[in-house]
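Every letter in the sequence shown is one number past the one before it in my numbering, and letter 55, counting from 1, is 57.
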Amino acid sequence: MSISIAQPLAIPGRKIRTPRPWPIQLVVQLATRKPLGFFGFVIVVVSILLAVFADVIAPYGFDEPNYGATLQAPSAAHIMGTDFLGRDLFSRLVHGARVSVFVIVGAVGLGTVLSTALGVVSGYFGGRVDAVVQRFVDAWMSIPPVLFFLFIMAIIGPSVQNMIFVLGLLAIRESRVVRASVLGVREHTYVEAARAVGASPLRILLLYLLPNVMVPIIILTTLRAGAVVLLEATLSFLGYGIPPPFPAWGRMLSAESRTYMLDAPWLAIWPGVFLSLTVFGWNVLGDALRDLLDPRLQGAGGRAR
């Protein structure tokens, strides 16, 4: 005797709706329920597209001087003006988006790995392991981030790799959020069942705990991106960021803008606009994702409905 699974009846004149994939569903919910968060999502997508297609979008090279067109106001040839060497400001800003996105991907990726590893290990094992890890996190949180980053960059020197390493350390303090999520998950019955059948701690961490704490990790990652952009601009403004000739928004706001601000105010206005919009976009996107994905803010359930 075979058992057949009942299929839903097709009602004439009524279409069966196919559920959207989860990322598309999340974007639709951003557009309908969180318009400000969707605006931030658009800003983030535009900045990524600028970074990927910088060579195509930029009309000039980012380090292509034109000494006959120094400090020109915005015009048809240079829509955002030129700097003191005649370099096209729009081209430098577009390539600066590539630098920012590259630093975001590297620093946020490294920070996510560090915070997740510390939080998951500390929350699952508890006891002395938890005490040692949390005292280390307490010590790290007591150090002012900018001063510590300046100290490290002064020792190891400015470069893209060093910038990513230093900014990735920012996420250590956020391991406490991951740890709190793990503490709430490790007592569930499926984790106890995995222990009972002899699953190794590594298997439990990777297959049972980590997938169930991905929502706070995604939210922290999005919120961290805005902080990384701002800190990268701060270090570049102080002279410890991406070395020349690569354009960095923070350095463009520093010596060049302050020296020629009265004669060419666009040198300060446009880098500030690009930087502010990028930080704003990541921050409001992170806030919107937190509201949609955090079950504590939407009642029972895990994902946004």
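C-beta atoms are modelled at their ideal positions from N, C-alpha and C, and glycine is treated no differently.
Alpha helix (DSSP H) segment containing residue i, residue limits
{"i": "I45", "result": "37 to 54"}
{"i": "Y192", "result": "191 to 198"}
{"i": "Y262", "result": "259 to 262"}
{"i": "G159", "result": "G159 -> no alpha helix (DSSP H), and no H or E assigned at all."}
{"i": "I206", "result": "203 to 206"}
{"i": "A290", "result": "268 to 295"}
{"i": "D265", "result": "Unbroken run through D265: none, as it is neither H nor E."}
{"i": "S256", "result": "Segment: none, S256 is in no alpha helix (DSSP H) and carries neither H nor E."}
{"i": "A141", "result": "129 to 143"}
{"i": "L209", "result": "Per DSSP, L209 belongs to no alpha helix (DSSP H) and is neither H nor E."}
{"i": "P218", "result": "216 to 239"}
{"i": "L185", "result": "177 to 187"}
Whole-number beta carbon distance between residue j and residue i, since they are thought to touch under 8 Å
{"i": "G88", "j": "A71", "result": "4 Å"}
{"i": "V168", "j": "I154", "result": "5 Å"}
{"i": "P160", "j": "I244", "result": "7 Å"}
{"i": "V187", "j": "N214", "result": "5 Å"}
{"i": "G113", "j": "R197", "result": "In fact, because the Cβ distance is near 30 Å, the residues do not count as touching under 8 Å."}
{"i": "Y262", "j": "L73", "result": "6 Å"}
{"i": "K36", "j": "L279", "result": "About 18 Å; that fails the 8 Å criterion."}
Other residues of its chain near residue i: CB distance less than 6 Å, five sequence neighbours each side excluded
{"i": "L291", "result": "I221, T224"}
{"i": "L232", "result": "V281"}
{"i": "R181", "result": "G121, S124, G125"}
{"i": "G283", "result": "G42, I45, V46"}
{"i": "N68", "result": "G88"}
{"i": "D132", "result": "S124"}
{"i": "V217", "result": "L295"}
For residue i, the nearest candidate out of the options (CA to CA)
{"i": "G63", "options": "T84, L51, V48", "result": "T84"}
{"i": "D265", "options": "L32, P76, K36, L207", "result": "P76"}
{"i": "L275", "options": "R175, L211, M254", "result": "The question names Leu, but residue 275 in the sequence shown is Val. Of the candidates R175, L211, M254, the one whose C-alpha sits nearest the C-alpha of V275 is M254."}
{"i": "I50", "options": "A196, I271, V30, F104", "result": "F104"}
{"i": "P273", "options": "P25, G39, R175, F239", "result": "F239"}
{"i": "G288", "options": "S144, L52, V101, L38", "result": "L38"}
{"i": "V58", "options": "K36, F92, F40, F43", "result": "F92"}
{"i": "R94", "options": "A119, E66, T114, R197", "result": "E66"}
{"i": "F127", "options": "V193, W268, M216", "result": "V193"}
{"i": "M143", "options": "G241, A53, S177", "result": "S177"}
{"i": "A156", "options": "L207, V199, Y242", "result": "Y242"}
{"i": "V107", "options": "S256, R130, G170", "result": "G170"}
{"i": "P249", "options": "A79, V162, V30", "result": "V162"}
Same chain, Cβ closer than 8 Å to residue i, neighbours up to 5 away in sequence not counted
{"i": "A229", "result": "L172"}
{"i": "W268", "result": "A75, P76, M82, G83, L91"}
{"i": "A33", "result": "F40"}
{"i": "P61", "result": "D90, F92, S93"}
{"i": "A247", "result": "According to the sequence provided, residue 247 is Pro. The question's Ala does not apply to it. Closer than 8 Å at the Cβ level, and outside the excluded window around P247, lie F64, D65."}
{"i": "S256", "result": "S238, F239, L240, G241"}
7 Å Cβ shell around residue i - same chain, five flanking residues per side excluded
{"i": "T236", "result": "V148, G252"}
{"i": "I7", "result": "Unreliable placement is indicated for I7, whose pLDDT of 43 sits below 50; the coordinate value is still reported in the next sentence. So no residue of the chain qualifies."}
{"i": "I174", "result": "L116, S117, L120, V139, W142"}
{"i": "F86", "result": "T72, L73, E258, Y262"}
Note to self: Which complete alpha helix (DSSP H) runs does the stretch 55 to 120 hold, if anything under 4 residues is left out?
What the structure shows: Inside the stretch 55 to 120, DSSP marks whole alpha helix (DSSP H) runs of 4 or more residues at positions 56 to 59, from first to last along the chain.
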